[in-house]
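Colleague: Residue numbers (UniProt numbering), protein chains in the order written: chain A, 1 to 305; chain B, 1 to 305. Using N, Cα and C, we set each Cβ at its ideal position, and we do this for glycine too.
Number of protein chains: 2
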Amino acid sequence: MTAESTFIEMMRSMARDPAARGLMDDTAVIELGNETLILTHDMMAEDVHWLPKADPADVAWKLVSVNLSDLAAKGARPLGVLLGFMLGESEWDRRFAGGLERALIHYAVPLLGGDTVSNKGDKRAVGLTAIGAATHRPVPARSGARAGDVLYVTGTLGDALAGFELAEAGLEVVDTLSAAYHRPVARLSDGQALAPFVTAMMDVSDGMLLDAERMAHASKVEIRIDIDAIPLSAAYCAMRGDSLDSRLQAASWGDDYELLFTAPADSALPVAATAIGRVNDGSGLALFEANAPIPLPPSLGYQHH
Amino acid sequence: MTAESTFIEMMRSMARDPAARGLMDDTAVIELGNETLILTHDMMAEDVHWLPKADPADVAWKLVSVNLSDLAAKGARPLGVLLGFMLGESEWDRRFAGGLERALIHYAVPLLGGDTVSNKGDKRAVGLTAIGAATHRPVPARSGARAGDVLYVTGTLGDALAGFELAEAGLEVVDTLSAAYHRPVARLSDGQALAPFVTAMMDVSDGMLLDAERMAHASKVEIRIDIDAIPLSAAYCAMRGDSLDSRLQAASWGDDYELLFTAPADSALPVAATAIGRVNDGSGLALFEANAPIPLPPSLGYQHH
């Protein structure tokens, strides 16, 4: 076990409250009075989640989107955010604050509080807590996929990967791909619209294949994915092609913040989404190309542990 | 303006939602359904909030207590916490997890979620979000002190200062003082009991004089403090004496996590507290010794900005 997995296991052993969902879901879900609260806290660290050359405004935007994407996967309506911020170079701070304000205005989500601390170290980290209220109950979880359901994903996959590669190469020539990487958008309204229709839902943050495997595990089912069905954007295909390799990479890179969900086969979905697989009795992930099984790639996504 | 005050001003300018209370209060207060939510997020950074030699279990304990103390000042019942944690040396992490579990068991507060991230820097920071539900409405604020009210504080002041000095000297010979510094306790039940009686309430985190000045400012009143009335423990007096200087230091050092509150003069308070001053028409802080005004010390407490 890595240090991270050891620590997370210690945290799980103490997170016995049902609202914690065993720390196996994207958010905490708390019943309070006549409402259901959805809470999430994500951190980002320099050199881990952003490159030193990154625009601080993009870091702030992404911090907001990553947290709100977790609320989106629960069909939650955001109530506000709290920021944990480590001070540093003041122009960086100023640009971060500008990006934060822009993101909060975009999502119409209020800043409610938080904390600002000095930093005596050589790197920074920032954290955000997002709080929301469920718009539909039961609140969608990873664990609800049932045999016979269809697996869907919103939008396209791989654009953040292509945008990252452009940024690495210093060639930010395709706006949509750069935006997908630097300024991902949480699908809040889609999540709320889908919540009454889905059997399971999560956001694609660590790689779709890895996230689908987690859904299969939580739901105690097998999830079959047709790799040919993975939705790719025209810009992605123009840059990286649509070979099997390219498709597998799009499906195992994180940072997409699309919604991955299952619904009964006859559902009339309220938002556009692509059917990419099926839920079967069994366990784990099964990958198919042209209706024939193919091996899983060595990495399904970004593993925290 | 310092970098921190500039950043905080930027945050205030975007925290326009009434629930944010202009970022001038200890917590956010959100009305939701038939409940009132209380939310706070405090961070602690290495070399800023704890010394490298500190026991990680104490860091975890303090992180929990600091956040729950903010809930206590609102008379809130805690619902749970979310942890933001930067990984580092695994024995440190393990001891931190142990201290966290101990604190959460002490307060009977569940760990609901959070995030664990890698750290490429040379220092760490940890953050905690605490969420609670109001037990009394209106929720106590800093801004409710009225002329004629009496100013009270729970417990004794300065013990954390004395405990810090013992720790610095490597002479941890007085358990109560060391505990006050390393393992402060949030006054959750006292805060809940007091909430219906107080006109204003906050916790003493940055120094009582500074916190009282903030209360005076938020309430648009003058607060007069009788420095002779400051409650000191026997252990504190044995170590540091009860001279005016010693009293001023106890009253301007932070980390006490006592409750500072105002109540009408004829209130029958449900918890033990010491009357240390009065609320008058006017503005700012007035300090008295033996009923004669004395100048304010150069520093009223730990200034974040």
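For M10 (chain B), which three-state DSSP category applies?
Modeller: Position 10 of the second sequence holds residue 10 (chain B). Of the three classes helix, strand and coil, the one that applies to M10 (chain B) here is helix, per DSSP.
Colleague: I need the boundaries of the alpha helix (DSSP H) containing Y107 (chain B), first residue and last residue.
Modeller: Sequence index remark: in the second sequence, residue 107 (chain B) carries index 107 (1-based). First-last of the alpha helix (DSSP H) with Y107 (chain B): S90 to Y107.
Colleague: Let me check understanding here. Comparing Cα to Cα, which of B:D93, B:S299 and B:G80 lies closest to A19 (chain A)?
Modeller: Here residue 19 (chain A) corresponds to residue number 19 of the first sequence, with the count starting at 1. Closest by alpha carbon: B:G80.
Colleague: Is the separation between the beta-carbon of K120 (chain B) and that of D55 (chain A) shorter than 8 Å?
Modeller: Against the second sequence, residue 120 (chain B) aligns to sequence position 120. Against the first sequence, residue 55 (chain A) aligns to sequence position 55. No, the pair does not count as a contact, with Cβ atoms beyond the cut-off.
Colleague: Residue range of the alpha helix (DSSP H) that A56 (chain A) falls in?
Modeller: Locating residue 56 (chain A) in the first sequence gives position 56, where the first residue counts as 1. Per the sequence shown, the amino acid found at residue 56 (chain A) is Pro instead of Ala. Segment P56 to A72, the alpha helix (DSSP H) holding P56 (chain A).
Colleague: At what residue ranges does the stretch 208–256 of chain B contain a whole run of the alpha helix (DSSP H), taking only runs of 4 or more?
Modeller: Correct list: 208–219, 234–240 and 244–252.
Colleague: Within 8 Å, do at least three Cβ pairs link the stretch 157–164 of chain B to the stretch 180–192 of chain B?
Modeller: Short answer: they touch.
Colleague: Can you find a C-beta in chain B that's less than 8 Å from the C-beta of D164 (chain A)?
Modeller: In the first sequence, residue 164 (chain A) corresponds to position 164, counting from 1. A small correction: the amino acid at residue 164 (chain A) is Phe; Asp does not occupy that position in the sequence shown. With 8 Å as the cut-off, F164 (chain A) does not count as an interface residue toward chain B.
Colleague: Interface residues of chain A around D42 (chain B) at Cβ under 9 Å?
Modeller: Position 42 of the second sequence, counted from the start, is the residue given in the question as residue 42 (chain B). Here the neighbours are G84, G114, D115 and V117.
Colleague: Within 10 Å of its beta-carbon, does P295 (chain B) have 16 or more other beta-carbons around it, so buried, or fewer, so exposed?
Modeller: Along the second sequence, one-based indexing puts residue 295 (chain B) at 295. When all chains shown are included, P295 (chain B) counts as exposed.
Colleague: Which residues in chain B have a C-beta closer than 7 Å to the C-beta of E101 (chain A)? List them in chain order.
Modeller: Here residue 101 (chain A) is taken as the residue at index 101 of the first sequence, counted from 1. Result: M14.
Colleague: Given a limit of 7 Å on CB to CB distance, which residues of the stretch 120–144 of chain B reach chain A?
Modeller: So the list reads K120, G121, D122, K123, A125, G127, T129, I131 and A133, given in the order they occur along the chain.
Colleague: For E31 (chain A), which three-state DSSP category applies?
Modeller: Translated into the one-based positions of the first sequence, residue 31 (chain A) becomes position 31. Strand.
Colleague: For a contact meaning CB atoms closer than 8 Å, what does I30 (chain A) contact in chain B?
Modeller: Position 30 of the first sequence, counted from the start, is the residue given in the question as residue 30 (chain A). By Cβ distance, chain B contributes L79, G80, L112 and I131.
Colleague: DSSP beta-bridge partners for E46 (chain A)?
Modeller: The residue labelled residue 46 (chain A) in the question sits at position 46 within the first sequence. Answer by DSSP bridge pairing, in chain order: A:W50.
Colleague: Quick test of the definition: if touching needs 3 or more C-beta pairs under 8 Å, does the stretch 33–42 of chain A touch the stretch 63–73 of chain A?
Modeller: Yes, since at least three Cβ pairs between the stretch 33–42 of chain A and the stretch 63–73 of chain A fall closer than 8 Å, the two stretches touch.
Colleague: L149 (chain B) versus chain A: which residues are under 7 Å apart at the beta carbon?
Modeller: Residue numbering aside, residue 149 (chain B) sits at position 149 when the second sequence is read from its first letter. What sits at residue 149 (chain B) in the sequence shown is Asp, not Leu. Ordered by position in chain A, no residue passes the 7 Å Cβ test against D149 (chain B), which lies about 26 Å from the chain.
Colleague: Of the residues B:V198, B:A238 and B:K220, which one's Cα is nearest the Cα of T176 (chain B)?
Modeller: For the purposes of this step, residue 176 (chain B) is taken as residue 176 along the second sequence, with counting starting at 1. The shortest Cα separation from T176 (chain B) among B:V198, B:A238 and B:K220 belongs to B:A238.
Colleague: Short of 6 Å in beta carbon distance, which residues of its chain neighbour L210 (chain A), apart from the five on each side in sequence? Order them along the chain.
Modeller: Position 210 of the first sequence holds residue 210 (chain A). Excluding sequence neighbours, L210 (chain A) sits near L300 and G301.
Colleague: Just to confirm the assignment, what range does the alpha helix (DSSP H) spanning Y152 (chain A) have?
Modeller: Within the first sequence, numbered from 1, the residue matching residue 152 (chain A) stands at position 152. Counting along the chain, Y152 (chain A) falls outside any alpha helix (DSSP H), though it belongs to the beta strand (DSSP E) covering V150 to V153.
Colleague: Please report the residue range of the beta strand (DSSP E) in which A200 (chain B) lies.
Modeller: For the purposes of this step, residue 200 (chain B) is identified with residue 200 of the second sequence, where counting begins at 1. Segment A200 to D203, the beta strand (DSSP E) holding A200 (chain B).
Colleague: Under 8 Å, do residue 347 (chain B) and A218 (chain B) count as touching if we go by C-beta distance?
Modeller: Lying before the first or after the last residue shown, residue 347 (chain B) is absent from chain B, which here runs from 1 to 305.
Colleague: Near G155 (chain A), what residues of its chain come up, given a Cβ to Cβ distance below 6 Å and the 5 sequence neighbours on each side ignored?
Modeller: Here residue 155 (chain A) refers to the residue found at position 155 of the first sequence. Within the same chain, G155 (chain A) has close Cβ partners E258.
Colleague: Check whether the stretch 261–276 of chain A touches the stretch 138–150 of chain A, counting contact only when three or more Cβ pairs, one atom from each stretch, lie closer than 8 Å.
Modeller: Contact holds: three or more Cβ-Cβ distances are below 8 Å.
Colleague: Would you list the residues sitting across from T36 (chain B) in a DSSP beta bridge?
Modeller: As a first step, residue 36 (chain B) must be located in the second sequence, where it is residue number 36. Answer by DSSP bridge pairing, in chain order: B:E31.
Colleague: Could you check whether the Cβ of M201 (chain B) sits closer than 8 Å to any Cβ belonging to chain A?
Modeller: Position 201 of the second sequence, counted from the first residue, corresponds to residue 201 (chain B). No, no contact with chain A.
Colleague: What do you get for A212 (chain B), buried or exposed, if any count of 16 or more other CB atoms within 10 angstroms of its CB means buried?
Modeller: Numbered from 1 along the second sequence, position 212 holds the residue referred to as residue 212 (chain B). Buried, by the Cβ-count rule.
Colleague: Go ahead and label T2 (chain B) buried or exposed: buried means 16 or more other beta carbons lie within 10 angstroms of its beta carbon, across all protein chains shown.
Modeller: For the purposes of this step, residue 2 (chain B) is taken as residue 2 along the second sequence, with counting starting at 1. By the 10 Å Cβ count, T2 (chain B) comes out exposed.
Colleague: According to DSSP, is D115 (chain B) helix, strand or coil?
Modeller: Numbered from its first residue, the second sequence carries residue 115 (chain B) at position 115. Looking at D115 (chain B) - three-state DSSP - the assignment turns out to be strand.
Colleague: Starting from G191 (chain A) and walking both ways along the alpha helix (DSSP H), at which residues does that stretch end?
Modeller: Taking the first sequence and counting its residues from 1, one reaches residue 191 (chain A) at position 191. Unbroken alpha helix (DSSP H) run through G191 (chain A): L188 to L194.
Colleague: Can you have a look at E89 (chain B) and say buried or exposed, based on whether 16 or more other CB atoms are within 10 angstroms of its CB?
Modeller: As a working note, residue 89 (chain B) is residue 89 in the second sequence. Flag for E89 (chain B) reads exposed.
Colleague: On a CA-only basis, which of B:I30, B:A286, B:A133 and B:S267 is nearest L188 (chain B)? Give me that one, please.
Modeller: Translated into positions along the second sequence, residue 188 (chain B) becomes position 188. Cα-wise, what sits closest to L188 (chain B) is B:A133.
Colleague: Can you grab the Cα-Cα spacing for the pair V204 (chain A) / W61 (chain B), in whole Å?
Modeller: As a position in the first sequence, residue 204 (chain A) is number 204, starting the count at 1. As a position in the second sequence, residue 61 (chain B) is number 61, starting the count at 1. The alpha-carbon atoms of V204 (chain A) and W61 (chain B) are separated by roughly 34 Å.
Colleague: Cβ atoms of G113 (chain A) and A28 (chain B): under 8 Å apart, would you say?
Modeller: Here residue 28 (chain B) refers to the residue found at position 28 of the second sequence. Here residue 113 (chain A) refers to the residue found at position 113 of the first sequence. Cβ distance < 8 Å, so A28 (chain B) and G113 (chain A) count as in contact.
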